[in-house]
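First up is the structure itself, then whatever we jot down about it.
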Amino acid sequence: MLHELTIETAPFPVGATGTLVVYAADGGNPEGVAAQIWAATGLDWARASAAVGFKGKQGQVLDIVAPPGVDAERLLVLGSGKPPADAEIVPATAWTDRGGSLAGKLLGVRVEKVAVVLDGADVTPERAGEVAAGLRLRHYRFDKYKSRKPKDGENGDPESLAVTLYVADKPAVDRAIADRMATVAGTLLARDLVNEPANELGTLEFAAEAQKLADLGVVVEVLDENRMRKLGMNSLLAVSQGSARPPRLVLLQWHGGGEGEAPIAFVGKGVVFDTGGISIKPAAGMEDMKGDMGGAAAVTGLMHALATRKARASVVGVIGLVENMVSGTATRPGDIVKAMSGTTIEINNTDAEGRLVLADALWYTQDRFKPRVMVDLATLTGAIGVALGQDHAGLFSNNDELAGKLIAAGLASGEKLWRLPMGPAYEKLIESRFADIKNSAGRHAGSITAAHFLRRFVNDVPWAHLDIAGAAMGANSSEVNTSWAPGYGVALLDRLVRDNYEGN
Ligand code: BES
Ligand code: MN
Ligand code: ZN
Numbered sequence: 005m006l007h008e009l010t011i012e013t014a015p016f017p018v019g020a021t022g023t024l025v026v027y028a029a030d031g032g033n034p035e036g037v038a039a040q041i042w043a044a045t046g047l048d049w050a051r052a053s054a055a056v057g058f059k060g061k062q063g064q065v066l067d068i069v070a071p072p073g074v075d076a077e078r079l080l081v082l083g084s085g086k087p088p089a090d091a092e093i094v095p096a097t098a099w100t101d102r103g104g105s106l107a108g109k110l111l112g113v114r115v116e117k118v119a120v121v122l123d124g125a126d127v128t129p130e131r132a133g134e135v136a137a138g139l140r141l142r143h144y145r146f147d148k149y150k151s152r153k154p155k156d157g158e159n160g161d162p163e164s165l166a167v168t169l170y171v172a173d174k175p176a177v178d179r180a181i182a183d184r185m186a187t188v189a190g191t192l193l194a195r196d197l198v199n200e201p202a203n204e205l206g207t208l209e210f211a212a213e214a215q216k217l218a219d220l221g222v223v224v225e226v227l228d229e230n231r232m233r234k235l236g237m238n239s240l241l242a243v244s245q246g247s248a249r250p251p252r253l254v255l256l257q258w259h260g261g262g263e264g265e266a267p268i269a270f271v272g273k274g275v276v277f278d279t280g281g282i283s284i285k286p287a288a289g290m291e292d293m294k295g296d297m298g299g300a301a302a303v304t305g306l307m308h309a310l311a312t313r314k315a316r317a318s319v320v321g322v323i324g325l326v327e328n329m330v331s332g333t334a335t336r337p338g339d340i341v342k343a344m345s346g347t348t349i350e351i352n353n354t355d356a357e358g359r360l361v362l363a364d365a366l367w368y369t370q371d372r373f374k375p376r377v378m379v380d381l382a383t384l385t386g387a388i389g390v391a392l393g394q395d396h397a398g399l400f401s402n403n404d405e406l407a408g409k410l411i412a413a414g415l416a417s418g419e420k421l422w423r424l425p426m427g428p429a430y431e432k433l434i435e436s437r438f439a440d441i442k443n444s445a446g447r448h449a450g451s452i453t454a455a456h457f458l459r460r461f462v463n464d465v466p467w468a469h470l471d472i473a474g475a476a477m478g479a480n481s482s483e484v485n486t487s488w489a490p491g492y493g494v495a496l497l498d499r500l501v502r503d504n505y506e507g508n
């Protein structure tokens, strides 16, 4: 198998290894087990570290090949940075980043068998779990369409990497890793879905991927075009009518909560490709619109994560799958449709299609499932990328408590959110001359007017809208991701559920 990663744990003492990894803090020496290992080499720490200017800074490496006195081919001493004054306040993501940075180093030096010493009082089971998560997230690569895989040495990547984490409390760490890896697997699923080109992942193919969650105990229902027409989902159907591929509305239910408990609902925009329709997009960069299902991918990845770790919460995931194409059957600018809610919409711009899909998906979700809260995720506006770039997604909400929970989950997961305003002055901008509302209000406050449009379809349910157009695709490389699609949203929502809705 190519490019495989296995992560295991073992208790001390450290056994025979290929490459041995120990940490040294900023300005300090190796401590604990790392100090014992270093002592066994008989090498002079002061000389060795001075020779290469190793100071223990985060990201620094001291690489000793064929170390004497140690049963290893190689000894890597990694800088772990300055120990904070209060170890408690170190965010979990610092440990995920450490795991990611380790994977980056290991791939770079092209080793296959690795033992990592994780000792010390600050290595809690959860933090060891974060290191494992970071290793896995950084190791991810989307190269299935490369017919010639790089050989060993060509780009430094080994074909397989087997990592053993040496830890003090193996059973507790194993539990923490299994729990954390459920979320990681959801993130990787979301990355795969977003990276996949639209010829391979159309509406039916996406629905089939979602259907697979049934194996994990998720109840899956798929509404087809006829069913949606009967339900009056003319807004969603208006987007899909120009495409040869049929629309689907996928409903995913995870019943992990108490009997009769109202669910938490997550709704995702799943436009498998967005040409803009008759209001066609410019050619440059249009290929990125294969990722216009990033919201649906996040919801699918989340449901995968919740079911895998058997979350004690009842959660509904709804994904609206359509393709926005240009054809003789496509919706024209100026067309007016009546949404399932009864609201009439003037479609003055066929490229503002995401909100048309969500209008019916949101209305249906609140009408059928009566959720406690409803959160939608959508690659909705280019404007949010202009405002916030890639480091935050935009947050809009009709409920301060829910908004607060989401912001906290964003900080804890590293998938951050920034709240933008809503208000009557913006609401006015979506008024239409011919219908109740129009779907595009022009350039000013484009992300905010989009949120106002969605708000018309949530009734009075506590609701939040996450505009992930900047965050979900074209990611800058980070310690935990080098792929185009970061899988944004899965870790965030998993955190939200974990910290607020499980076991109550
Ligand atoms: N899918 C796009 C938004 C988008 C842009 C996502 C860039 C990711 C990267 C969305 O459907 C769209 O086209 N929005 C329009 C709205 C406008 C017509 C009111 C936009 O942002 O230009
Ligand atoms: Mn569009
Ligand atoms: Zn779109």
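If you read the sequence shown in this note's numbering, its first letter stands for residue 5, the second for the next number, and so on. Yeah, the Cβ is synthetic: ideal placement off N, Cα and C, and Gly gets one too. Predicted model, so just to flag it, every value in this text is computed and none were measured.
Within its chain, find whatever has a CB closer than 6 Å to the CB of residue i; leave out the 5 residues flanking it on each side and keep chain order.
i: L227; result: L253
i: E133; result: Contrary to the premise, residue 133 reads as Gly rather than Glu in this sequence. The answer, listed in chain order, is A180, I181, R184.
i: D30; result: G60, K61, G85, K86
i: A334; result: G246, G281, I282
i: Q215; result: V224
i: S451; result: T385, A387, I388, G398, D471
i: V341; result: N238, S239, A242, I349
i: Q64; result: F58, G83
i: D296; result: V275, D278, T383
When every heavy atom of the ligand ZN is checked, does at least one fall within less than 7 Å of the C-beta of residue i?
i: E291; result: no
i: G474; result: no
i: T383; result: yes
i: D296; result: yes
i: V275; result: yes
Can you look up residue i in the DSSP assignment and give me helix, strand or coil?
i: D371; result: helix
i: I472; result: coil
i: R184; result: helix
i: L205; result: coil
i: R423; result: strand
i: H396; result: strand
i: M307; result: helix
i: G108; result: helix
i: E116; result: coil
i: S436; result: coil
i: W99; result: helix
i: Y555; result: Absent from the model: residue 555. The displayed extent of the chain is 5 to 508, so no value can be given.
i: Y430; result: helix
i: R252; result: strand
i: M5; result: In this prediction, M5 scores a pLDDT of 41, lower than 50, which makes its location untrustworthy; the coordinate-derived value is nonetheless stated afterwards. The answer is coil: DSSP assigns M5 none of H, G, I, E or B.
i: K234; result: helix
Quick one: residues in its chain with C-beta nearer than 8 Å to the C-beta of residue i, no 5 flanking neighbours on either side, listed in chain order?
i: M5; result: Low confidence applies here, because M5 scores a pLDDT of 41, under 50, leaving its location unreliable and the question unanswered by this model.
i: A52; result: F58, L66, I68
i: A218; result: V224
When every heavy atom of the ligand MN is checked, does at least one fall within less than 7 Å of the C-beta of residue i?
i: G358; result: yes
i: N328; result: yes
i: D512; result: Residue 512 lies beyond the stretch modelled for the chain, which goes from 5 to 508, so this question has no answer here.
Kindly examine the ligand BES and report whether one of its heavy atoms sits closer than 7 Å to the Cβ of residue i.
i: D278; result: yes
i: A449; result: no
i: A166; result: no
i: M477; result: yes
i: A387; result: yes
i: S444; result: yes
Grab me the residues of residue i's own chain with a C-beta within less than 7 Å of its C-beta, minus the 5 sequence neighbours each way, in chain order.
i: K294; result: P201, A202, F277
i: E116; result: G22, P162, S164, L165, A166
i: E419; result: Y492, G493, A495, L496
i: A311; result: L217, L220, G221, V222, W258
i: N199; result: F146, S487, W488, A489
i: L392; result: G398, W422, G474
i: S105; result: G63, E483
i: R499; result: A413, A416, S417
I want to check one thing, is the minimum distance from the CB of residue i to the heavy atoms of the ligand FMN below 7 Å?
i: A38; result: Although the ligand FMN was asked about, the structure shown includes only the ligand BES, the ligand MN and the ligand ZN as ligands.
- Query: Are the segment 305-317 and the segment 278-285 touching by the rule of at least three beta carbon pairs closer than 8 Å?
  - Reply: No: fewer than three Cβ pairs fall under 8 Å.
- Message: Three or more C-beta pairs under 8 Å: does that hold for the segment 140-153 against the segment 181-200?
- Response: yes
- Item | Runs of alpha helix (DSSP H) wholly within the segment 14-87 (minimum 4 residues, chain order) | 36-45, 49-56
- Message: Taking 8 Å as the cut-off, does the segment 341-349 touch the segment 261-271 (at least 3 CB pairs, one atom from each stretch)?
- Response: no
- Just checking, does the segment 446-465 make contact with the segment 120-129 on the three C-beta pairs under 8 Å criterion? In this structure the segment 446-465 does not touch the segment 120-129; the number of beta carbon pairs closer than 8 Å is below three.
- Query: Is it true that the segment 420-431 meets the segment 392-412, where meeting means three or more beta-carbon pairs spaced less than 8 Å apart?
  - Reply: yes
- Message: I'd like to know if the segment 372-381 and the segment 449-457 are in contact, where contact means that at least 3 CB-CB pairs between them fall below 8 Å.
- Response: no
- Evaluate the contact criterion for the segment 37-47 versus the segment 70-80: three or more CB pairs, one atom per stretch, below 8 Å. The segment 37-47 is in contact with the segment 70-80.
- Tell me the start and end of each unbroken alpha helix (DSSP H) in the segment 268-304 that is at least 4 residues and wholly inside, in chain order. Counting only runs of 4 or more, we get nothing.
- Task: Answer yes if the segment 359-376 comes into contact with the segment 235-246, meaning at least three C-beta pairs across the two stretches below 8 Å, and no otherwise.
- Result: yes
- Query: Quick check: the segment 26-40 against the segment 189-196, are there 3 or more CB pairs under 8 Å?
  - Reply: Flag = no, the segment 26-40 and the segment 189-196 do not touch.
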